[in-house]
Structure formats: C-alpha cells, structure tokens
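Take a look at the structure set out below.
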Amino acid sequence: MSPSLTVSRIAAQQGSILRELRTASLREAPYAFGETLADALLVDPASFDDTAALHAQSPRLATFLLYTEGHPCGLVHAYVEDYDDARAFVAALWVAPAVRHLRGGELLVNAASQWLAEQGAFEVHAWIAEENRNAMRFYERLGFGPTGDRRAMPANEAETEAFYVRHLQVNRDA
Ligand SMILES: CC(C)(COP(=O)(O)OP(=O)(O)OC[C@H]1O[C@@H](n2cnc3c(N)ncnc32)[C@H](O)[C@@H]1OP(=O)(O)O)[C@@H](O)C(=O)NCCC(=O)NCCS
3 MSPSLTVSRI AAQQGSILRE LRTASLREAP YAFGETLADA LLVDPASFDD TAALHAQSPR
63 LATFLLYTEG HPCGLVHAYV EDYDDARAFV AALWVAPAVR HLRGGELLVN AASQWLAEQG
123 AFEVHAWIAE ENRNAMRFYE RLGFGPTGDR RAMPANEAET EAFYVRHLQV NRDA
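To convert a position in the sequence shown, counted from 1, into the numbering used here, add 2.
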C-alpha cells in the first residue's frame with residue numbers, strides 16, 4: 003500500500019527539521035541546487051531556526067514540508083522577490099528517494115503555487131539545472147514551460163540552469 007503523503011507549511015519551531023531536509027537534499031542531489039552541502043554545513047544551525055520562524059509566517063517567504071505517515075520527507079521553498087515586479091518562485095524542491103513517484107513533488111509544488119497565488123501571483127517561476135532532465139519533465143508535467151532564459155549555476159559555473167514559468171489559473175472571486 004502507498005504511504006499517505008501530506009503537505010503543510012513549516013512551523014516556527016521546525017528549524018532542525020528544515021536543516022535535516024536541506025542537508026539531506028544537498029547530499030543526495032547535489033546536481034540540482036545552486037548551493038553546496040559544504041555551504042549548508044557552514045551555516046550556523048541556529049540560522050535554520052530563524053529561517054523556519056520567518057517562513058512560518060512571512061507574506062513573502064514560505065517553506066512547505068512533505069510528510070509520509072507523519073515523518074518529514076521533502077520540502078519546497080516559495081518566495082516573492084522584493085523588487086517592483088515581485089516575481090514569484092519555487093526553489094529547493096526535494097523529495098526523499100524512498101517516496102518518489104507518489105506525487106509528493108506535485109503536492110509540494112501545488113501547495114507552494116496555491117500559497118503564491120494567495121499572495122497575488124499570476125505566474126510561478128523556477129530555475130532548473132539543464133542536466134536535471136528528470137526535474138524538467140516533472141515541472142513540464144505540472145504545466146511549467148521554458149522562458150528561454152538561461153544562466154550559469156550559482157554553485158557550479160560550468161553548468162547552466164534554465165528559467166521556467168507556470169501561468170496560474172487564478173479565480174480571485176472564489
Ligand atoms: C523532482 C522530484 C522533486 C519529483 O518528486 P516526486 O515526488 O517523485 O514527483 P511526482 O511523484 O509528483 O512525479 C514524478 C514522476 O513520477 C510519475 N509518477 C507519479 N505518480 C506515479 C506512480 N504512482 N507510479 C509511477 N510514476 C508516478 C510522474 O508522472 C512523474 O513522472 P514524469 O515527470 O516522467 O511525468 C524528485 O525526483 C527529486 O527530489 N529529485 C531530486 C531533487 C531535484 O531534482 N529537485 C528539483 C530541483 S529544480
């Protein structure tokens with residue numbers, strides 16, 4: 003039987019869970035992210051407490067956690083840029099290998115997109131490493147498409163990442 007998967011916004015006291023999931027993702031899928039495991043391990047663990055507290059209640063930044071039978075097993079960040087055009091993003095998406103292909107990634111991206119729509123977004127953006135074909139297929143299945151923009155990966159300038167966007171179906175009268 004498939005484990006039941008649920009998603010909820012991070013709570014203020016979940017800094018250590020955030021650190022565990024983020025370091026697990028950087029260890030397991032280093033090719034996918036603009037930060038390295040070494041970078042994350044250098045960060046003072048207390049700053050994950052600060053991030054969790056902020057992402058639990060900010061109108062601009064949030065983290066959503068995936069659970070299987072109550073155990074944390076994935077995450078995604080959602081944020082709105084602090085510029086005039088206030089573009090909305092999902093980032094740092096990761097699902098633990100043991101629970102992949104069960105729609106946990108979809109649950110996370112949809113929860114983050116729903117929250118971004120509630121903050122006023124009409125589009126959600128994501129940077130995806132071009133070597134990460136699996137993630138590109140995953141995002142395309144969810145309705146994201148390439149904008150044509152590309153840039154060097156922040157953590158590895160030899161690799162490039164592509165800029166994807168999803169147009170949200172927003173019913174603001176609902
Ligand atoms: C990308 C990632 C988050 C997807 O997570 P996931 O929970 O497996 O995602 P889903 O189950 O929603 O969908 C993944 C695939 O499984 C398929 N799938 C969904 N349910 C399935 C099922 N019951 N049986 C078989 N396949 C299934 C989907 O069709 C999809 O395949 P496709 O993309 O080829 O169409 C995960 O692979 C991951 O963490 N990868 C490493 C980190 C990473 O690349 N992050 C993205 C950074 S941009």
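Note that beta-carbon positions come from the ideal geometry of N, C-alpha and C, so glycine has one too.
Is the CB-CB distance between residue i and residue j below 8 Å?
i, j, result
"PRO32", "LEU39", "yes"
"PHE140", "ARG168", "no"
"GLY107", "VAL92", "no"
"VAL78", "LEU118", "no"
"MET155", "GLY36", "yes"
"VAL126", "PRO5", "no"
"LEU23", "PHE66", "no"
"GLU163", "GLU132", "yes"
"ALA55", "ARG11", "no"
Determine the burial state of residue i: buried for a count of at least 16 other Cβ atoms within 10 Å of its Cβ, exposed for fewer.
i, result
"GLY150", "exposed"
"ALA90", "buried"
"TYR166", "buried"
"GLN171", "exposed"
"SER27", "buried"
"ALA2", "Residue numbering for the chain in the displayed model covers 3 to 176; residue 2 lies beyond these limits and cannot be assessed."
"GLY122", "exposed"
"PHE124", "exposed"
"LEU44", "exposed"
"THR1", "Absent from the structure is residue 1, since the part of the chain shown begins at 3 and ends at 176."
Kindly indicate which three-state DSSP category residue i falls into: helix, strand or coil?
i, result
"TYR69", "strand"
"ASP151", "strand"
"ALA93", "strand"
"SER27", "helix"
"GLY17", "helix"
Since residue i and residue j are thought to touch, with beta carbons under 8 Å apart, how far apart are those beta carbons, to the nearest angstrom?
i, j, result
"ASN134", "ALA34", "5 Å"
Whole runs of the alpha helix (DSSP H) within the segment 96-142, excluding any shorter than 4 residues: 106-120
Every unbroken alpha helix (DSSP H) inside the segment 31-70 [4 residues or more]: 39-44, 47-59
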